[in-house]
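Counting in the numbering used here, the sequence shown runs from 1 upward without gaps. Have a look at the structure below before the remarks.
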Amino acid sequence: MNLALELESIFPKDRIKSSLIDLVAYASDASFYYLRPKVVVLPITESEISQLFIFCCEHNISMTFRAAGTSLSGQAITDGILVDLSRHWRSISVVDAGRSVKVQPGVIGAHINATLKKYQKKIGPDPASINSAMMGGIISNNSSGMCCGVKHNAYHTVKHIKFILPNGKKYSTEIAADYQRFESECAHIYQNVILLRNHILESEEASNLIRKKYLTKNTVGYSMNAFIDYEHPLDIIAHLLVGAEGTLGFIAEAVMHTVPDFPCKATSLLFFQDIATACGAVLSLQASGAEAIELMDRAALRSIETKEGMPVIIAQLPQSAAALLVEYQDYDFDAIEAKINQFESFIDEFALLDKPVFTTNPKEQEKLWKVRKGMFPSVGAVRASGTSVILEDVAFPLNYLGAAIADLQELFEAYHYTNAIIFGHAKDGNIHFVVTQAFETDAEIQRYDAFLNDVVNLVLKKYNGALKAEHGTGRNMAPFVEAEWGGLLYQVMQKLKDLLDPHNILNPGVIINNDEKAHIKNLKQLPLVEEEVDRCMECGFCEHKCPSRDITLTPRKRIVVRRELLNLKRAGDKQNYKQLLHEYQYNGMDTCAVDGLCAEACPVDINTGDLIKRLRRENHSSIANNIALFTARNFKLTVSLTRSALKAGQLVNRYFGQGTMKRITSATRKVISSFPLWSNQLSVAPIIPKVKNKPDASQSIVYFPTCISRVMGDGAGQRNIMDVFLSVSAKAGINVVIPAGIKSLCCGQIYSSKGFSNAKEYTMNNAIEALWTTTNEGTHPVVLDISSCTQTLLTCYNALSDANKLKYRRLQILDSVDYLNDLVLPRLTIINKRNTVTLHPVCSLQKMNGANDKFLKIAQQLSGYVEIPFHTGCCGMAGDRGFLFPELTDSATKLEAADVKEHTCDGYYSSSKTCEIALSQATGKNYESIMYLVDECS
Numbered sequence: 001m002n003l004a005l006e007l008e009s010i011f012p013k014d015r016i017k018s019s020l021i022d023l024v025a026y027a028s029d030a031s032f033y034y035l036r037p038k039v040v041v042l043p044i045t046e047s048e049i050s051q052l053f054i055f056c057c058e059h060n061i062s063m064t065f066r067a068a069g070t071s072l073s074g075q076a077i078t079d080g081i082l083v084d085l086s087r088h089w090r091s092i093s094v095v096d097a098g099r100s101v102k103v104q105p106g107v108i109g110a111h112i113n114a115t116l117k118k119y120q121k122k123i124g125p126d127p128a129s130i131n132s133a134m135m136g137g138i139i140s141n142n143s144s145g146m147c148c149g150v151k152h153n154a155y156h157t158v159k160h161i162k163f164i165l166p167n168g169k170k171y172s173t174e175i176a177a178d179y180q181r182f183e184s185e186c187a188h189i190y191q192n193v194i195l196l197r198n199h200i201l202e203s204e205e206a207s208n209l210i211r212k213k214y215l216t217k218n219t220v221g222y223s224m225n226a227f228i229d230y231e232h233p234l235d236i237i238a239h240l241l242v243g244a245e246g247t248l249g250f251i252a253e254a255v256m257h258t259v260p261d262f263p264c265k266a267t268s269l270l271f272f273q274d275i276a277t278a279c280g281a282v283l284s285l286q287a288s289g290a291e292a293i294e295l296m297d298r299a300a301l302r303s304i305e306t307k308e309g310m311p312v313i314i315a316q317l318p319q320s321a322a323a324l325l326v327e328y329q330d331y332d333f334d335a336i337e338a339k340i341n342q343f344e345s346f347i348d349e350f351a352l353l354d355k356p357v358f359t360t361n362p363k364e365q366e367k368l369w370k371v372r373k374g375m376f377p378s379v380g381a382v383r384a385s386g387t388s389v390i391l392e393d394v395a396f397p398l399n400y401l402g403a404a405i406a407d408l409q410e411l412f413e414a415y416h417y418t419n420a421i422i423f424g425h426a427k428d429g430n431i432h433f434v435v436t437q438a439f440e441t442d443a444e445i446q447r448y449d450a451f452l453n454d455v456v457n458l459v460l461k462k463y464n465g466a467l468k469a470e471h472g473t474g475r476n477m478a479p480f481v482e483a484e485w486g487g488l489l490y491q492v493m494q495k496l497k498d499l500l501d502p503h504n505i506l507n508p509g510v511i512i513n514n515d516e517k518a519h520i521k522n523l524k525q526l527p528l529v530e531e532e533v534d535r536c537m538e539c540g541f542c543e544h545k546c547p548s549r550d551i552t553l554t555p556r557k558r559i560v561v562r563r564e565l566l567n568l569k570r571a572g573d574k575q576n577y578k579q580l581l582h583e584y585q586y587n588g589m590d591t592c593a594v595d596g597l598c599a600e601a602c603p604v605d606i607n608t609g610d611l612i613k614r615l616r617r618e619n620h621s622s623i624a625n626n627i628a629l630f631t632a633r634n635f636k637l638t639v640s641l642t643r644s645a646l647k648a649g650q651l652v653n654r655y656f657g658q659g660t661m662k663r664i665t666s667a668t669r670k671v672i673s674s675f676p677l678w679s680n681q682l683s684v685a686p687i688i689p690k691v692k693n694k695p696d697a698s699q700s701i702v703y704f705p706t707c708i709s710r711v712m713g714d715g716a717g718q719r720n721i722m723d724v725f726l727s728v729s730a731k732a733g734i735n736v737v738i739p740a741g742i743k744s745l746c747c748g749q750i751y752s753s754k755g756f757s758n759a760k761e762y763t764m765n766n767a768i769e770a771l772w773t774t775t776n777e778g779t780h781p782v783v784l785d786i787s788s789c790t791q792t793l794l795t796c797y798n799a800l801s802d803a804n805k806l807k808y809r810r811l812q813i814l815d816s817v818d819y820l821n822d823l824v825l826p827r828l829t830i831i832n833k834r835n836t837v838t839l840h841p842v843c844s845l846q847k848m849n850g851a852n853d854k855f856l857k858i859a860q861q862l863s864g865y866v867e868i869p870f871h872t873g874c875c876g877m878a879g880d881r882g883f884l885f886p887e888l889t890d891s892a893t894k895l896e897a898a899d900v901k902e903h904t905c906d907g908y909y910s911s912s913k914t915c916e917i918a919l920s921q922a923t924g925k926n927y928e929s930i931m932y933l934v935d936e937c938s
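In structure tokens:
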């Protein structure tokens with residue numbers, strides 16, 4: 001059966017993915033398991049989900065839902081049909097003035113909190129992955145986190161759920177009529193859920209076990225508390241879906257109770273002599289009202305002690321030491337002070353190694369949380385290549401916490417996990433431990449198997465804890481569910497699965513799995529590929545930052561495919577290797593914006609853009625490299641020819657109509673796919689203006705008009721950025737010098753992004769030599785008018801000759817944003833202000849230290865209100881990439897454009913010309929440099 005063809009009865013072709021590269025890219029989630037799907041589908045309606053359920057039942061094909069794919073236990077992979085919810089299902093609706101919120105499964109948790117912020121509310125679950133994790137996974141894994149404990153986890157904050165059962169029928173607990181409809185339409189399910197509930201209630205032992213288990217965090221198996229907490233089968237099923245990991249039905253929508261998002265916080269890092277003392281303080285801290293109590297053992301602290309910004313004391317701690325990160329939260333600081341006073345009344349009992357100091361400064365608090373959040377990535381960054389990072393989480397009764405951790409550390413030693421660390425949510429007795437593990441040999445697999453079995457015995461038999469506190473059962477703990485719950489309740493879970501999913505189509509092998517070795521099967525292989533790839537843990541934290549995420553691949557997927565390419569090559573599978581390599585060209589290489597924002601979200605600082613640049617460089621022929629070098633050496637001619645082409649395009653549009661060039665280039669692209677698409681935002685820049693020397697000026701700068709500014713104008717009737725730059729400089733009384741040979745100069749960005757290393761090095765060295773002379777050997781600062789070009793020069797050091805490296809060290813290179821904030825605005829008189837303005841901070845501003853803050857500060861001085869759209873990100877333009885692959889910018893700007901169109905502002909500003917073109921085209925608004933705002937208001 002051609003599965004993709006058969007699925008066209010439900011989905012259009014463009015939402016069915018069956019190419020080799022798509023199947024490979026979706027074969028990995030954040031866990032250490034690997035299954036390649038047969039096909040990937042992207043539903044957008046509930047009707048499609050219902051039809052897919054019926055299709056899978058009829059054809060006996062399994063299916064698995066995936067939202068962000070950040071789950072750690074293998075619950076988001078399949079060898080059947082993978083249902084990707086991440087590109088759609090993103091609706092958020094605030095209800096009852098923020099007291100609740102209605103969400104779909106494809107919306108990111110942090111996006112919901114951002115929407116709720118003005119109501120001083122947030123969702124209850126606060127997992128560490130909240131910036132990437134989506135609600136489908138947060139609810140289906142019954143997520144909790146650092147502050148929410150049990151009371152505010154997904155299960156306890158769900159108000160209503162709309163869901164679809166495997167029989168294709170849809171119900172909502174928000175609709176009163178659905179209760180009766182469910183009873184009549186699903187009588188068999190209705191009656192058997194009542195029987196299962198009665199079976200539990202008739203057993204005092206089972207009922208008491210459920211009540212006891214859920215006093216602390218527990219996500220092992222199905223949410224058995226639903227049978228005790230609710231009476232009607234529809235409510236019971238709805239809450240069984242929470243934590244069911246997509247094995248019982250599909251959650252189409254949920255209404256969540258919100259919790260307070262306290263505006264006031266006080267945070268401190270407390271150091272103790274040993275882990276037992278630290279654990280002994282937890283109950284007292286809990287009683288004093290601490291919202292967060294995060295534990296770190298000495299190994300965990302050691303893993304981050306040398307990182308930049310870490311407190312000095314961490315490196316000086318004794319071998320046995322441990323730490324607690326404590327945070328108090330409330331609506332006002334008086335309430336927080338009362339809690340700290342209570343803390344001070346007992347803390348002397350625990351003999352701290354350092355005087356406790358609570359900070360209310362958000363920047364200082366961020367640094368302290370960086371200590372805690374750096375644990376997991378620090379191990380991932382230094383692990384041996386080819387090993388997986390395994391992050392497990394267990395829970396112990398608080399009175400046994402210290403002893404249990406000591407026993408865990410003994411297991412690490414016994415099984416030679418020398419770099420294992422322990423940290424976690426001590427308030428809940430919830431401990432995470434991280435080990436690195438290779439699965440290349442039978443001996444390594446057996447070591448992990450034996451270790452895990454000993455962990456199971458330790459947690460369950462010795463301490464009566466929980467094998468999973470918040471990460472979900474998945475494949476890793478499925479063989480041990482019965483050990484956790486006992487025979488009677490495990491049988492209830494089995495019957496429940498058979499009742500709701502009789503064909504076993506939903507995520508088989510997850511939660512209910514009779515294979516006692518399931519946890520060591522379908523293990524992910526991590527071959528040594530290249531430096532950037534080898535460090536990747538495939539966590540998926542990068543994906544929401546990627547401008548190509550909704551059209552081709554994300555950074556994680558680009559890396560997953562690189563690994564599979566090597567696997568195919570080693571296996572001698574030439575046909576699939578060749579096909580995958582061919583498909584990678586467009587999906588992996590051409591549509592990567594190489595913006596590098598993925599590194600901002602990556603726990604181990606991988607810049608996949610650097611990887612793609614290197615691959616582009618390696619793919620270039622000697623002829624292509626020579627042509628690029630020729631254009632670099634003759635850059636004045638290159639610019640002149642480009643300007644001529646733009647003039648010709650403008651003439652065509654002038655005589656034959658505004659849309660002519662776009663139609664011509666669109667038609668040409670059908671024959672030559674790499675031909676650039678004309679944008680009606682394009683115009684030709686005027687010639688470089690003359691500048692008058694002002695020898696009496698107190699400040700002189702060297703102005704480097706970038707090649708983009710020298711080529712591209714700002715539309716009919718508008719002044720060019722070069723004229724505006726000179727205008728604001730003159731108002732500020734600053735003398736401006738332009739390098740004599742500017743027409744031949746380029747920062748090298750256009751060659752760098754395309755991987756032409758020789759041309760890049762030539763232009764960068766040429767630029768530094770010219771600037772060295774023009775700045776009087778570094779006496780005057782250099783200012784550029786495009787932020788991406790500034791960042792290119794700021795990071796060009798390694799491409800320079802030894803002689804130019806010495807010159808570079810003495811040059812001061814400023815972006816236009818730095819220039820305006822530091823040198824221009826303090827000298828200007830503001831004569832009028834805009835009411836509201838919208839900003840687009842470009843990628844390079846986000847990567848240049850402090851530049852983004854300055855960009856905002858400039859706008860705040862010149863307007864009453866500054867709007868930065870929530871979905872602001874890389875526009876995908878990447879220099880000229882948006883002209884070559886316009887679908888990239890269309891996709892990358894879609895969400896930001898929707899935000900912008902909700903309001904009308906007095907102006908729209910950025911700091912890179914090509915990004916301004918992309919945003920203007922996407923929004924229908926006129927984006928221009930922040931320089932214009934300064935000029936117009938001063």
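We put the beta carbon where it would ideally sit given N, CA and C, even for glycine. Everything numeric in this text was worked out from a predicted model, so none of it was measured.
> Going by C-alpha distance, which of Ile612, Pro125, Glu867, Met931 is nearest Lys151?
Replying inline: Pro125
>> Tell me the rounded alpha-carbon separation between Asn587 and Ala30.
In response: 21 Å
> How many whole angstroms separate the CB atoms of Ile61 and Gly80, which I take to be in contact at a CB cut-off of 8 Å?
Replying inline: 5 Å
>> Does the distance between the C-beta of Arg475 and the nearest non-hydrogen atom of the ligand ADP fall short of 7 Å?
In response: With respect to small molecules bound, the structure shown includes none, and the ligand ADP cannot be examined in it.
> In three-state DSSP terms, what is Met931?
Replying inline: helix
>> Excluding the 5 residues flanking Gly907 on each side, which residues of the same chain have their C-beta closer than 7 Å to its C-beta?
In response: Arg834, Val837, Leu933
>> Do Asn131 and Ala593 have their beta-carbon atoms positioned less than 8 Å apart in this structure?
In response: no
> For Asp393, which three-state DSSP category applies?
Replying inline: strand
> Where in the segment 612 to 652 do unbroken runs of the alpha helix (DSSP H), each at least 4 residues long, occur, reported from the N-terminal end onward?
Replying inline: 622 to 633
> Going straight from the alpha carbon of Thr552 to that of Ile314, what length do you get?
Replying inline: 43 Å
>> Pairs of beta-carbons, one from the segment 757 to 772 and one from the segment 718 to 728, closer than 8 Å: are there three or more?
In response: no
> Which runs of the beta strand (DSSP E) spanning at least 3 residues fall entirely within the segment 202 to 267, listed in chain order?
Replying inline: 250 to 260
> On the three-state DSSP scale, how would you describe Phe376?
Replying inline: helix
> What does Ala740 pair with, by DSSP beta-bridge criteria?
Replying inline: Per DSSP, none; premise fails for Ala740.
> When DSSP builds the beta bridges, which residues end up paired with Met134?
Replying inline: Ile108
> Going by alpha carbons, who is nearest to Lys170 out of Ala918, Pro869, Phe250?
Replying inline: Phe250
>> Rounded to the nearest angstrom, what separates Val456 and Ala414 at their Cα positions?
In response: 15 Å
> Whose CA, out of Asn522, Ala645, Leu629, lies closest to the CA of Val711?
Replying inline: Ala645
> Does DSSP put Ile164 in a helix, in a strand, or in coil?
Replying inline: strand
> Asn735 bridges to which residues according to DSSP?
Replying inline: Ser700
> From what residue to what residue does the alpha helix (DSSP H) around Lys497 run?
Replying inline: 487 to 500
>> At 3 residues or longer, what runs of the beta strand (DSSP E) sit wholly inside the segment 882 to 930?
In response: 907 to 910, 927 to 929
>> Using only the alpha-carbon positions, how far apart do Glu440 and Pro527 sit?
In response: 9 Å
> Under 8 Å, do Lys427 and Ala238 count as touching if we go by C-beta distance?
Replying inline: no
>> Count Cβ pairs between the segment 500 to 513 and the segment 2 to 15 that sit closer than 8 Å; are there 3 or more?
In response: no
>> Tell me which residue opens and which closes the alpha helix (DSSP H) that Asn457 is part of.
In response: 442 to 457
>> Counting C-beta neighbours from all protein chains within 10 Å, is the total for Val394 16 or more, i.e. buried, or is it exposed?
In response: buried
> In angstroms, rounded to a whole number, what distance separates the CA positions of Ala128 and Asn804?
Replying inline: 44 Å
>> Quick check on the burial criterion: 16 or more other C-beta atoms within 10 angstroms. Buried or exposed for Phe358?
In response: buried
> Assuming Ser793 and Cys747 make a contact with CB atoms under 8 Å, what is their CB distance in whole Å?
Replying inline: Ser is not the amino acid found at residue 793; the sequence shown has Leu there. Yes, Leu793 and Cys747 are in contact; Cβ-Cβ is about 5 Å, under 8 Å.
>> Just to check my reading of the structure: Leu580 and Val24 have Cβ atoms closer than 8 Å, yes? What is that Cβ distance to the nearest angstrom?
In response: 7 Å
>> For Phe433 and Ile405, I'd like the C-alpha separation in whole angstroms.
In response: 10 Å
> Closest by CA to Leu411, which one among Asn453, Leu895, Lys118?
Replying inline: Asn453
> Leaving out the 5 sequence neighbours to the left and right, which residues in its chain are closer than 8 Å to Cys264 when beta-carbon positions are compared?
Replying inline: Gln329, Asp330, Tyr331, Asp332, Phe333, Ala335, Ile336, Thr360
>> Suppose the cutoff is 6 Å on Cβ atoms and the five residues either side in sequence are ignored; what does the same chain contact list for Gly374 look like?
In response: Ile304
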